[in-house]
Structure formats: C-alpha cells, structure tokens
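Engineer:
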Amino acid sequence: MSRSLIRIGAALAACLLALTAAAGPATSAPKDPKPEPTAASHRVLAFYQTIYETGSDGVRRYVDPKPLLGSVTDVNVGAIHLNADASLTVNDIPANHPELGVMWDDLATMQDQGVTVSAFVGGAAPGTYRYLREDFDRFYPVLRDFLRAYGLDGVDLDIEETFSLADTIRLVDTLRADFGPDFVITLTPVATDMAGRTRFSGGFSYAELERRAGDRIDWYNTQFYCGWGDLRTTTVYDQILANGFTPGRVVAGTVTNPANCSGYVDWPTFDATVGTLAARHPDFGGVFGWEYFNSVGYAGGGRESWFVHAADVVNR
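Residue 53 in the working numbering sits at position 44 of the sequence shown, with consecutive numbering throughout.
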C-alpha cells in the first residue's frame with residue numbers, strides 16, 4: 010500500500026492524541042528480542058528540521074526534501090517535542106497543522122521509493138525527556154500515537170537532558186514492544202559519550218546501554234561536532250570502537266555548514282576521513298549531515314549535493 014494512503018487518516022488520528030494522553034502504557038506482549046545487528050550498509054542520513062526557510066528577500070519558502078532521493082538512505086524529521094500540556098509539536102508547530110501537509114506528503118513519496126523516514130525526538134530544546142521521566146504513562150502514548158498516525162518507519166532518540174539508563178531502556182523496550190522488530194530505533198549521542206569520555210547525552214554510559222539493550226537498538230547517529238569530537242581525523246571514531254562498539258553500529262555525523270556549529274570540516278578533510286573509515290571498515294555505519302536546508306553543496310552544487318557527494322565517498 011502506498012504510504013500516501015496511510016496519510017489520509019493522519020489528521021484525524023492526530024486530533025485524537027490529546028484524548029489518549031491520559032491512557033496507560035500499551036499492554037501488548039513483548040516481541041522477541043531484536044537479532045544481533047549484521048554488517049550495516051553505508052547509510053547516508055539527512056536531518057530535516059528546518060521545514061520553512063526565509064530567504065534574503067524576506068519570503069518564507071518550503072524546504073522540499075525530495076531532491077534527496079537517490080542519495081540518502083534515511084531522513085530524520087523533527088524535532089518532535091512533547092509539551093507540558095501533553096501536546097506534541099514538530100518544532101513549534103502541531104503535527105496536523107495544514108502547513109505541514111505538503112511535508113508529510115513528500116516524505117510519504119520518499120518512503121514509497123525506499124527511503125527510511127524516522128522522527129527525531131528531543132534535541133536541544135528541553136522538556137520532552139523530563140516529561141517522559143516524570144510521567145511516562147501520560148506522555149509516552151502521545152509519542153506512540155503520533156508515530157502510528159503518520160506512518161513513520163522509526164524514531165531517533167536525541168537525548169540532551171537528564172534521562173537515566175533505566176529510563177532509556179524502558180523507552181526503547183516499550184517502543185520495540187509496540188512497533189515490532191522492523192521499526193527503526195536509533196539514538197543520537199555525542200561522539201565523546203560514545204567514546205566513554207563524557208556523559209552529556211542523558212548522563213549515562215552508552216557502552217552500558219549497548220551491553221544491556223543493544224539488541225533492541227538499530228544503530229547510533231553519533232554527533233561529531235559542537236565540541237564533542239569532529240571528523241578532522243579518525244581519532245574519535247577509533248576511540249568509540251575501542252570503547253566496545255562495532256563500525257556497523259556507529260553512523261558518523263557532521264555539520265553541513267560552519268554556521269550550524271563548531272566542527273565543520275571542508276570537503277578534502279571529509280573525503281579523507283570518511284573515505285578512510287569506509288575503506289578500513291567494510292561494515293562502516295555511514296554518515297549523517299546536520300542539517301539539510303543550509304548544507305554547503307559540493308563543487309558549487311545545491312544543498313542536496315552535500316548528500317550526493319557523501320554517498321559517493323562512503324560507497325567508493
């Protein structure tokens with residue numbers, strides 16, 4: 010069935026989210042544990058947060074994700090926020106707002122052509138994980154019903170506030186039970202957390218999370234930027250492997266524009282580091298770019314050319 014057909018009922022379903030917010034957690038029986046990960050394909054993933062941009066002429070324009078077709082394996086859309094009143098927003102817009110309709114349709118088109126579309130939850134804005142920590146039974150169903158309503162393929166947990174190891178495992182296990190083995194569950198920690206040097210992304214050990222729940226997590230979208238590591242060399246990636254992770258579990262993320270955060274690397278540096286990782290590790294997890302809308306294109310190309318070139322590098 011076309012993903013576009015799934016969207017027909019999304020607006021109605023989204024209107025019911027508030028009614029289910031007070032419901033208890035799902036009571037379905039737990040699924041069998043997810044099999045151990047096999048060698049990963051070289052993923053190329055785009056984070057898609059800026060959905061409308063304002064140009065130098067002052068005109069607000071929609072950022073079409075479809076030019077990414079043919080280069081990316083995954084798109085993570087968000088940021089998805091749970092709010093104090095048990096509402097859910099995409100950034101600061103209700104998910105069923107009419108101005109997001111074209112986005113949902115375009116993402117459905119991409120899903121129909123084989124792109125995995127996940128919702129990234131949380132990020133720099135605080136609150137989502139605090140609400141899940143303090144009243145899971147109220148707030149989790151809001152997230153669950155949103156993921157179902159919009160036919161998303163997965164969820165990416167971007168934890169940038171206090172959220173314990175036990176909280177994280179509970180959330181992962183509940184998602185896995187509700188959505189089954191084919192649903193994609195990823196996390197987006199900073200690189201130094203993955204290397205065991207810091208505990209920014211929630212406050213717990215990601216090596217311990219991998220030991221205790223790695224069979225229910227698909228991979229880690231790892232942030233090599235904002236002072237938490239970079240891709241100038243393979244050094245931090247190597248430290249992550251030394252901390253117990255295998256290459257297929259680690260997608261290396263970088264900023265696509267120096268305005269987005271510190272840690273931007275130019276194309277010759279990117280090519281050298283990522284090319285080395287792909288050549289050295291046949292199961293290298295791949296790369297992601299933060300974010301799509303203002304990506305510095307390759308050789309003067311448009312923003313989508315950042316991802317076209319990244320795909321060329323990881324698949325050489």
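Heads up, the beta-carbon is just placed ideally off N, CA and C, and yes, glycines get one too.
For clarity, every value in this text was computed on a predicted model and none was experimentally measured.
#1: If the criterion is Cβ atoms closer than 8 Å, does the pair Phe129 and Asn85 meet it?
#2: Taking all protein chains shown into account, do 16 or more other C-beta atoms lie within 10 angstroms of the C-beta of Gln122, making it buried, or fewer, making it exposed?
#3: Assuming contact is defined by CB atoms lying nearer than 8 Å, are Thr197 and Asp247 in contact in what I supplied?
#4: With a floor of 3 residues, list each beta strand (DSSP E) that falls wholly inside the region 216–252, ordered by position along the chain.
#5: In three-state DSSP terms, what is Phe148?
#6: Would you kindly work out how many angstroms separate the C-alpha atoms of Val274 and Val111, rounded to a whole number?
#7: Quick one: grab the DSSP three-state call for Leu78.
#8: On the CB-based measure, 16 or more other CB atoms within 10 Å of its CB, does Ala133 come out buried or exposed?
#9: How many angstroms separate the CA atom of Asn269 from the CA atom of Leu78?
#10: Opposite Asp165 in the DSSP bridges: which residues?
#11: Which partner residues does Ala55 have in the DSSP bridge list?
#12: For the beta strand (DSSP E) that contains Glu108, what are its first and last residues?
#13: Taking Cβ positions, are Gly163 and Val124 nearer each other than 8 Å?
#14: Nearest to Gly284 by CA position, among Gly212, Ala320, Arg312 and Asn92, is which residue?
#15: With burial defined as no fewer than 16 other Cβ atoms inside 10 Å of the residue's Cβ, what is the status of His106: buried or exposed?
#16: When you compare each of Ala216, Ile226, Glu217 and Pro267 to Asp239 by their alpha carbons, which one comes out closest?
#17: Whose CA, out of Thr201, Met119 and Gly136, lies closest to the CA of Ala251?
#18: Once DSSP output is grouped into helix, strand and coil, what is the label at Ile288?
#19: Identify which residue in Gln120, Ile168, Phe148 and Trp315 has its Cα closest to the Cα of Pro277.
#20: Hey, could you find the ends of the beta strand (DSSP E) Tyr71 is sitting in?
#21: Count the C-beta pairs between the region 200–219 and the region 140–158 that are closer than 8 Å, then say yes if the count reaches three, no if not.
#22: Keeping to the same chain, check which residues put their C-beta closer than 7 Å to that of Arg139; ignore five residues upstream and five downstream.
#23: Can you name the start and end residues of the alpha helix (DSSP H) that Ala200 belongs to?
#24: Could you spell out where the beta strand (DSSP E) holding Ala261 opens and where it closes?
#25: Specify, as a first and last residue, the run of the beta strand (DSSP E) that Tyr61 falls within.
#26: Where do the ends of the alpha helix (DSSP H) carrying Thr177 lie?
#27: Give the secondary structure of Thr98 by DSSP, where H, G and I count as helix, E and B as strand, and everything else as coil.
#28: Roughly how many angstroms lie between the CA atoms of Asp280 and Ser96, to the nearest whole one?
Structural biologist: Reading it off the structure:
#1: Contact flag set, yes.
#2: Burial call: exposed.
#3: No. Outside cutoff.
#4: Counting only runs of 3 or more, we get 228–232.
#5: When secondary structure is reduced to three states using DSSP, Phe148 falls in the helix class.
#6: Their backbone Cα atoms lie some 33 Å apart in a straight line.
#7: Three-state DSSP puts Leu78 in coil, outside helix and strand.
#8: Its Cβ having fewer than 16 others within 10 Å, Ala133 is exposed.
#9: Cα to Cα, the separation comes out at about 23 Å.
#10: According to DSSP, which records beta bridges pairwise, Asp165 is partnered with Phe129 and Thr195.
#11: Note: Ala55 sits in a beta bridge opposite Val84 and Gly298.
#12: Here Glu108 belongs to no beta strand (DSSP E), and DSSP marks it neither H nor E.
#13: Between Gly163 and Val124, the gap from beta carbon to beta carbon reaches 8 Å or more.
#14: Comparing Cα-Cα distances from Gly284 to each of Gly212, Ala320, Arg312 and Asn92, the minimum goes to Ala320.
#15: By the 10 Å Cβ count, His106 comes out exposed.
#16: Comparing Cα-Cα distances from Asp239 to each of Ala216, Ile226, Glu217 and Pro267, the minimum goes to Pro267.
#17: When only C-alpha atoms are compared, the closest one is Thr201.
#18: Position check: residue 288 holds Ala in this sequence, whereas Ile was assumed. Annotated three-state conformation of Ala288 is helix, per DSSP.
#19: Comparing Cα-Cα distances from Pro277 to each of Gln120, Ile168, Phe148 and Trp315, the minimum goes to Trp315.
#20: It spans Arg69 to Tyr71 - the beta strand (DSSP E) in which Tyr71 sits, taken as one unbroken run.
#21: They do not touch, by the three-pair rule.
#22: Glu170.
#23: Looking at the DSSP string, the run of the alpha helix (DSSP H) that includes Ala200 is Ala200 to Met203.
#24: Looking at the DSSP string, the run of the beta strand (DSSP E) that includes Ala261 is Val259 to Val264.
#25: Tyr61 to Thr63 is the span of the beta strand (DSSP E), which, as asked, contains Tyr61.
#26: Start and end: Leu174 to Phe188.
#27: If DSSP states are grouped into helix, strand and coil, Thr98 belongs with the strands.
#28: Roughly 42 Å between the two C-alpha positions.
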